[in-house]
Amino acid sequence: MTSSHQAALGENQMLKLYADMLLIRRVEERLGRLFADGEVPGFIHLSIGQEAVPVGVMSALTADDTIASTHRGHGHAIAKGMPLDGFFAELLGCEQGLCRGRGGSMHVADLSIGMLGANGIVGAGLSIALGSALAHQRLRRNAIAVAFFGDGALGEGLLHECLNLASLWRLPLLFVCENNGWSEFSPSAGQITFRLADLVPAYGIPYVASDGNDVVAVSTTAADIVAHVRREGPAVLECFTTRMRGHYEGDAQKYRDPAELEALAARDPIRIAKEYLRRLDVGEERLQDLLTDIDCRIEAAVAAARAGSAPDFETAKADTYTRVDMH
Amino acid sequence: MTSEPIRSITMPKLGLTMTEGLLASWRVKPGDQVRAGDVLFVVETEKIATDFEAPSDGKIVSLEVAEGSIVPVGTTVATWIENVMPLDRAASSRGSFSNATRVIATPLARRLARQANIDLKAIRGSGPRGRIKARDVEIAAAQQAVLRAEADASSPAASAAPLSQQQRRPASLSETTVARRMTEAKRNIPHFYVIADADVTRLLKLREELNAAKGEIRLSLTHFVVAAVVKTLKRFPDINRVWDANEIVTLDAIDIGLAIMTERGLVAPVLRNADRLGLDGIACACEELVTRARRGRLTEEDLAGGAISVSNVGMFGAAQLIPIINPGQAAILGVAAVRPVFRPDDRGQPSLRQELSLALSCDHRVLDGVSATRFLNAVAEILAQPLTLLRR
Amino acid sequence: MPELRYIRAINQALADALEADPSVILLGEDVSAAGGAFGATRGLRDRFGAERVIDTPISEAALAGAAVGAALSGLKPVLEIMFMDFTTLVMDALVNQAAKARFMFGGQRSVPLVVRTPHGGGLSAGPQHSQCLEAWFAHVPGLKVVCPADPASAYGLLRAAIADPDPVIVVENKALYATKAEVPEVLEPLPIGRAAVIRPGRDLTLVSYGGAVHTCTAAAGILANEGIEAEVVDLRSLQPWDEATVMNSLSRTHRLIVVHEAVEAFGIGAEIAARMADIGFDELDAPILRIGAPFMPVPFSKALERKYLPSADAVVQAARKVLA
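Have a look at this one:
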């Protein structure tokens, strides 16, 4: 399957996929350092090691399609096109942030590009994406909604409700499970008694799986399944991937087998993508330029964020409601 | 405090037919800070002198009209700025717990007491746990005003001026008015008098019972007397008439005058259509007139009409009061203090009764001795058998 | 003036809203084919189609979440939750998602959804089908809560709720559904956050909402026979609520009693009493009293429920207490 996929993707396409993943990787690494230095308040959940999924899926979407994300949503946000300035400013808690400093890492959102928000409640994005798909359908738009969720959400009853409803109403909804095998600090294998592959057919909708660390596999599979969702109705895409860092930054992952962590390096999606590029004879210099360009953009965004201003309290408070018609 | 604009104070309309008033005297001068309720000036009309009180705190800017001027209603008589620096109100019992008993009062009562400068410790609360309520403060304020007026009248030493200066002074305007009217009454009305004693033993018991109920207006002896007079007038409508320019005018409404003692002297406003009010109604209407009279808020209309007034000086302990008829009316009933007496019962044994003396002063131009005596006896009978008030 | 039943007023409001705005959709269990468990949505599917009047499975949590997603994506969903007791199942969607989205996304968009749900007892529906939980939602910043007491306000507040850009919980009263009252010839939306003085009085103020408003007017009638004139204020909106009208009333009567069917402890009355004790302190001539249901689950048996619900007598007794 790999070689035919490889043949289908030309150099430019591959470079774009690689660049998008690299951007996410570098952003996350930069955030990790900012967090360690105390510049990012609260807690952050990095998606290092999982970049191929958002990039692969987003490559099949258009600007009108909407996505709902999880608490580990930076990859989704950046892959969907969230501006770096607004993103970093938000994480540093500034007025210039996309959410004006009111949400932070777990609630980054950009509704103008169809990113309906990262979410601090496990599984909540499922029903929000469901609703978005409902809107697309009833308003007769040629758009779909994508619900990202992790294997940690497989225990939530909301998943069942959403699968049932999506199938019942034949909604243009794609469920994307990023299965990294971990529910916070516990292996999902010790928590979940079923495989998604066995569950999904019960709802009468298609299930496909993909190697979540191979961006070519993800993007090719995504292209097919997204086309199905547009035409027919809901489907589930499960991507098996790797969470390379802790549940959140600061989590020392003492609960993980050191051998397992070492083996992860071989499965690094960036490394795998680079392999594709090498086979396409893309030179190291080109990749280096790309990296430099990405790092520059990131540094500019960080500098802008550091120069940002504190949000005003009364303005924030007033935005609790859109409008209060009181005399 | 934000600065307020300068506003006008105008000649008030104190009666339906009033078109102009005499600004009799100023009590303030430009620059004075005043508190709500302070008297700013005195207005005189034909019948009464009325105090004009500041509606809120403020500062007088200018006086526009001289004392003694007669100006149309609505004319600017002064200018002032409202709500300037809040004056330091003398705290009542707030903060002084030297009694070791806390004063329990509602927030509203405390505010009213502050504004009226009344010591909460001096007030008896009618609420649960002896809680002082707004009404208690209002009543205390009214009573205090009366007492102050009486104290001023009875002890010249109350003022700081030396004795020699107090032996002679010009009469005040209300004093002049009263003097004029009473002289006129005595000169023009041929008075004769009928006296009777009323046994009020049963009445006092009934009153006590009725007043035990909470949440109801307190009934006084005066209220009962007024009710008895009203009932009797209904029975003897010929008594309800007055002499007016060689004509005998029978009144169609039963209005009763009520003699009220105020800071400024005696006034006798009239209770309208007293026959349509029950005992409670009479009590409420009397209280209302008393409150307004003591605040100087009576109008010309209040003082007109009625054939008969009631004047109760029982609270001052007089054995008998022989009052002077108010010009325009034909009679006035003086009520004296209740006193215990022993009367023989039907077996000739001494029985302790509570009695008070009634004195009816009558205008001989419209009333004769027989009808007056019959009338007075009927009133006394009702007072002796107060339950007859239940009947029509 | 014409008469209209409370439930018909709701039906009319939904119909008029569906007519006026193509982005309005109705969702709920049995709302479409059956016209709603209480008949609130009768006839609407025939008029507006099954695409806009949608029957749902019993999946409150997902439906409420879907309402949020749909509202963020251009629809104005009106979700019916059959009994207010079941709002326990929609808490995450309403509290963590709907109430927060505008704020935590920096004001990028609003969540114009409506949840309609009947509360209240008196029908022996039992402990899990009779609760009044509006205080929970009034306590969540970002949510609005309204509670109509009569057909005209049921129409007016529901229309206003659907047009409102923010999430609104419209709390109906199932025992009032069948009641009729006079309504204006032309029904209009009512402003959210405005109370109404439905009976003026000078001796004390009774503040209430929902079914208890009628308990208060009954009590006011009894008190009037004793010469006591009670002013009755129908809050209509609980979040936001009309402090100014209540304060104005208090400054005239100087006595305040808050009456509601919901449990007295930690209820809406607690907030009103505390706030008035704060801004209205100097106006009070008596303590502020609250009348609500006792601190126990709603009982089933008629004899028990009769004692449970706040009565006009209880209000009258409280009135005598504040006048003492």
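Residue numbers (this note's numbering), protein chains in the order written: chain W, 26 to 352; chain S, 8 to 399; chain P, 99 to 422. All residues carry an ideal CB built from backbone N, CA and C; glycine is no exception. In this text the structure is predicted, and so the values were computed from the model without any measurement.
Contact with chain P by S:L119, beta-carbon distance below 7 Å: Chain P contact via Cβ: absent.
Spatial distance of W:F265 from W:P283 (CA atoms): Rounded to whole angstroms, W:F265 to W:P283 spans 20 Å at the Cα level.
Paired residues, beta bridge with P:P175 - DSSP: The beta-bridge partner set that DSSP reports for P:P175 consists of P:I123.
P:D119 versus P:P175, P:V129, P:H227 and P:T154, residue with shortest Cα-Cα distance: If we check each option's Cα against that of P:D119, P:P175 comes out closest.
Alpha-carbon spacing of S:A123 relative to S:A148, whole angstroms: If you draw a straight line from the Cα of S:A123 to the Cα of S:A148, it is about 7 Å long.
Contact list for W:N167 against chain P, beta-carbon separation under 9 Å: In chain order: nothing, as chain P lies at least about 14 Å away.
Residues within the region 160-194 of chain P neighbouring chain W, beta-carbon criterion of under 8 Å: Answer in chain order: A160, L161, A162, G163, A164, A165, V166, G167, A168, A169, L170, S171, G172, L173, P175, D190, A191 and N194.
Length of the line joining the Cα atoms of W:S84 and P:L255: Going from the Cα of W:S84 to the Cα of P:L255 covers about 45 Å.
DSSP three-state assignment for W:P212, whether helix, strand or coil: Three-state result, W:P212: strand.
C-beta neighbour in chain S for P:L382, strict 7 Å: With 7 Å as the cut-off, P:L382 counts as an interface residue toward chain S.
Three-pair Cβ contact test at 8 Å for the region 296-316 of chain S versus the region 52-65 of chain S: When C-beta atoms of the region 296-316 of chain S are compared with those of the region 52-65 of chain S, three or more pairs fall below 8 Å, so the two segments count as touching.
Spatial neighbours of P:G367 in its chain, beta-carbon cut-off 7 Å, leaving aside the 5 residues before and after: Closer than 7 Å at Cβ, skipping near neighbours: V356, H358, R388 and G390.
is_contact[S:A141, chain P] using C-beta, thresh 7 Å: Output row for S:A141: interface = yes.
Integer Cβ distance of S:G272 from S:V317, believed to fall under 8 Å: Going by Cβ atoms, the distance from S:G272 to S:V317 rounds to 18 Å, so no, they are not a contact pair.
DSSP beta-bridge partners of W:Y346: Bridge partners of W:Y346: none, in fact.
Rounded C-alpha distance that separates P:D340 from W:I319: In a straight line, the C-alpha of P:D340 is about 54 Å away from that of W:I319.
Supposed close pair P:R353, P:V420 - CB separation, criterion 8 Å: A Cβ-Cβ distance of about 4 Å is found for the pair P:R353 and P:V420, placing them in contact under the 8 Å criterion.
Outcome for W:G148 when other beta-carbon atoms lying within 10 angstroms are tallied against a minimum of 16: Counting Cβ neighbours within 10 Å, W:G148 comes out buried, since at least 16 surround it.
Contact under 7 Å by Cβ, S:T257 with S:R248: With contacts defined as CB atoms closer than 7 Å, S:T257 and S:R248 qualify as a contacting pair.
Continuous alpha helix (DSSP H) stretch holding W:L123: start and end: Per DSSP, W:L123 lies in no alpha helix (DSSP H) and is assigned neither H nor E.
Close beta carbons around P:F181, own chain, < 6 Å, minus the five adjacent residues each side: The answer, listed in chain order, is H227.
Whole-angstrom distance between S:I125 and S:L363, CA atom to CA atom: If you take the alpha carbons of S:L363 and S:I125, they lie about 35 Å apart.
Limits of the beta strand (DSSP E) - the one that W:I295 falls within: Bounds of any beta strand (DSSP E) do not take in W:I295; it lies within the alpha helix (DSSP H) bounded by P294 to R304.
Status (buried if at least 16 other CB within 10 Å, exposed otherwise) for P:D376: Answer is exposed; the Cβ neighbour count stays below 16.
Neighbourhood of S:K193 by C-beta, 8 Å cutoff - its chain only, sequence neighbours within 5 removed: Closer than 8 Å at the Cβ level, and outside the excluded window around S:K193, lie I331.
Closer than 7 Å to chain W by CB, P:P246: No, P:P246 does not count as interfacial toward chain W.
Cβ neighbour criterion (16 or more within 10 Å) applied to W:A222: With fewer than 16 other Cβ atoms within 10 Å, it is exposed.
Heavy atom of the ligand SAH within 6 Å of P:L302 beta-carbon: Inclusion of the ligand SAH in the displayed structure is not the case, the ligand content being empty and no account of it being possible.
Per DSSP, the bridge partner or partners of P:R214: DSSP links P:R214 through a beta bridge to P:E178 and P:V268.
Beta carbon proximity, P:A422 to chain S, threshold 7 Å: Yes, its Cβ sits closer than 7 Å to a Cβ of chain S.
Where S:G424 sits in the DSSP three-state scheme: Chain S is shown only over 8 to 399; residue 424 of chain S falls outside these bounds and no answer can be derived.
Three-state secondary structure assigned by DSSP to W:C187: The three-state reading of DSSP puts W:C187 in helix, counting H, G and I together.
Reduced DSSP secondary structure (H/G/I, E/B, other) of S:N106: Reliability fails at S:N106, whose pLDDT of 41 lies under 50, so the model's placement of it is uncertain and the value that follows must be treated cautiously. DSSP places S:N106 in the coil class of the three-state scheme, outside both helix and strand.
Span of the alpha helix (DSSP H) around S:L365: Unbroken run through S:L365 is the beta strand (DSSP E), P357 to D370; no alpha helix (DSSP H).
Same chain, Cβ closer than 7 Å to W:E203, five either side skipped, listed in chain order: Excluding positions up to five away in sequence, the list reads Q75, V78, F173, G175, G237, C264 and T266.
Neighbourhood of P:L423 by C-beta, 8 Å cutoff - its chain only, sequence neighbours within 5 removed: Missing from the structure shown is residue 423 of chain P; chain P here goes from 99 to 422 and no further.
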